[in-house]
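In UniProt numbering, the protein residues as written are 1 to 265.
First comes the structure, then the notes that go with it.
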């Protein structure tokens, strides 16, 4: 099942969705996909005209592939403009992912501050792509293409504080509009930015993740290359603190991200 098919599956029946092993990430399912599915279930419970403003995501435990997951949603509060919503992914009676989301309608304001410009990067065609290699790269990378423009690839001994480049869904049969669920996958596709510092493979994963969406969201398709850059703010004792952002092909800011990652190396 492709990304769009899985989004439709959670819309049709949020109580029982199995993520195929092709979307694996080690012993777990790809976290960006799990977060996107929770988000889709949450969005269905929010009134129209209230786009997602921010999500706070905690990966409580690994979501096993090929085992049904129930996506549960609780509306905590609905105000005049903002809805506060809690989403859970539950598997075998255990919570594997929690997402707290704020969805808010726009309001008139005298404040208008433009985002800083996107960083300069080499063109997509000039950047090295991380290929999908069975039993070497994570299984889910067969569905997402990443081309490095900043820093180094994982386990190359590159000490740069930044990492990233161009990203999009890979080999789409048809072009579709992209929404916030797609941005979750594009941002989380990238490995923890601390992994290039290592010279040999070691596990790494996100503990917590907050992401803010710039609204109204720029028009995007599933074939558009977006630009991602992560910057390490601090790393020690097996944990790293990483800030990142995602821009459209036209250089428009799409999302602001922050992750706490655990590294076992």
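The beta-carbon is built from N, C-alpha and C at its ideal position, and this holds for glycine as well.
Report yes if the C-beta distance between residue 87 and residue 69 is below 9 Å; otherwise report no.
Within the chain shown, residue 87 is the residue found at index 87, counting from 1. Within the chain shown, residue 69 is the residue found at index 69, counting from 1. Their beta carbons are not under 9 Å apart, which means residue 87 does not touch residue 69 by this criterion.
Taking the alpha-carbon of residue 230 as reference, which of 264, 145, 246 has the nearest alpha-carbon?
Indexing the chain shown from 1 puts residue 230 at position 230. That would be 246, whose Cα lies nearest to the Cα of residue 230.
Any idea if residue 15 is buried or exposed, counting beta-carbon neighbours within 10 angstroms, 16 or more meaning buried?
For the purposes of this step, residue 15 is taken as residue 15 along the chain shown, with counting starting at 1. Exposed is the call here.
Who are the near neighbours of residue 147 in its chain, counting only those whose CB is closer than 7 Å to its CB and skipping five residues on each side?
If you number the chain shown from 1, residue 147 lands on position 147. 124, 127, 128, 129, 165, 166.
CA-CA distance, residue 9 and residue 74?
By one-based count along the chain shown, residue 9 stands at place 9. By one-based count along the chain shown, residue 74 stands at place 74. In a straight line, the C-alpha of residue 9 is about 20 Å away from that of residue 74.
Residue range of the beta strand (DSSP E) that residue 77 falls in?
Here the question's residue 77 lines up with position 77 in the chain shown. Note, residue 77: beta strand (DSSP E), 70-78.
Can residue 105 and residue 141 be called in contact, C-beta distance under 9 Å?
Here the question's residue 105 lines up with position 105 in the chain shown. Here the question's residue 141 lines up with position 141 in the chain shown. No, these two residues do not count as a Cβ contact at 9 Å.
Taking 8 Å as the limit between beta carbons, can you name the residues of its chain near residue 239, skipping five residues before and five after?
The residue given as residue 239 occupies position 239 in the chain shown. The answer, listed in chain order, is 207, 260, 261, 262, 263.
In the DSSP assignment, what are the bridge partners of residue 166?
Here residue 166 is taken as the residue at index 166 of the chain shown, counted from 1. Note: residue 166 sits in a beta bridge opposite 147, 227.
For residue 76, count neighbouring C-beta atoms within 10 Å of its own C-beta (all shown protein chains included) and say buried if the count is 16 or more, exposed if not.
On the chain shown, residue 76 is found 76 positions in, with the first residue counted as 1. It is exposed - the Cβ of residue 76 has fewer than 16 other Cβ atoms within 10 Å.
Who does residue 86 pair with in a DSSP beta bridge?
As a position in the chain shown, residue 86 is number 86, starting the count at 1. Looking at the DSSP assignment, residue 86 forms a beta bridge with 74, 100.
What did DSSP end up calling residue 120 once you bin it into helix, strand or coil?
Reading the chain shown from its first residue, position 120 is the one you call residue 120. In the structure shown, residue 120 sits in coil (DSSP, three-state: anything other than H, G, I, E or B).
Helix, strand or coil for residue 137, going by three-state DSSP, please let me know.
Along the chain shown, read from residue 1 onward, the residue named residue 137 stands at position 137. Correct three-state label for residue 137: coil.
Using a Cβ-Cβ cut-off of 6 Å (strictly less than) and excluding sequence neighbours within five positions of residue 199, which residues of its own chain qualify?
Translated into positions along the chain shown, residue 199 becomes position 199. Around residue 199: 157.
State the start and end residues of the unbroken beta strand (DSSP E) segment that holds residue 174.
As a position in the chain shown, residue 174 is number 174, starting the count at 1. Element bounds for residue 174: n/a, residue is neither H nor E.
Out of 136, 118, 153, 232, which one is the CA nearest neighbour of residue 25?
What you label residue 25 is simply residue 25 of the chain shown in a count that begins at 1. Comparing Cα-Cα distances from residue 25 to each of 136, 118, 153, 232, the minimum goes to 136.
Between residue 91 and the rest of its own chain, which residues show a CB-CB distance below 8 Å, the 5 nearest in sequence each way excluded?
Here residue 91 refers to the residue found at position 91 of the chain shown. Answer for residue 91: 63, 64, 67, 68, 69, 70, listed in chain order.
With a Cβ-Cβ cutoff of 9 Å, do residue 252 and residue 118 count as a contact?
Here residue 252 refers to the residue found at position 252 when the chain shown is read from its first residue. Here residue 118 refers to the residue found at position 118 when the chain shown is read from its first residue. The answer is yes: Cβ separation under 9 Å.
So what's residue 207 in DSSP terms, helix, strand or just coil?
For the purposes of this step, residue 207 is taken as the residue at position 207 of the chain shown. The answer is strand: DSSP assigns residue 207 an E or B state.
Opposite residue 246 in the DSSP bridges: which residues?
Looking up residue 246 in the chain shown gives position 246. Answer by DSSP bridge pairing, in chain order: 228, 255.
Run through DSSP, which three-state label would residue 81 get?
In the chain shown, counting from the first residue as 1, residue 81 sits at position 81. Reduced to three states, the DSSP call for residue 81 is coil.
Measure the C-alpha to C-alpha separation of residue 152 and residue 235 and round it to an integer number of angstroms.
Counting from 1 along the chain shown, the entry for residue 152 is found at position 152. Counting from 1 along the chain shown, the entry for residue 235 is found at position 235. Looking at the two C-alpha atoms, the distance is approximately 17 Å.
Counting only beta-carbon separations shorter than 9 Å, does residue 231 have a partner in chain D?
This model lacks chain D altogether, as it is built from one protein chain only.
Keeping to the same chain, check which residues put their C-beta closer than 7 Å to that of residue 31; ignore five residues upstream and five downstream.
One-based indexing of the chain shown puts residue 31 at position 31. Here the set comprises 25, 59, 188, 206.
Can you tell me whether residue 133 is buried or exposed? The criterion is at least 16 other CB atoms within 10 Å of its CB, across all chains shown.
Here residue 133 refers to the residue found at position 133 when the chain shown is read from its first residue. When all chains shown are included, residue 133 counts as exposed.
How many angstroms separate the CA atom of residue 42 from the CA atom of residue 85?
As a first step, residue 42 must be located in the chain shown, where it is residue number 42. As a first step, residue 85 must be located in the chain shown, where it is residue number 85. Taking the straight line from one Cα to the other gives about 7 Å.
Using a Cβ-Cβ cut-off of 6 Å (strictly less than) and excluding sequence neighbours within five positions of residue 19, which residues of its own chain qualify?
In the chain shown, residue 19 corresponds to position 19, counting from 1. Hits under 6 Å: 29, 65.
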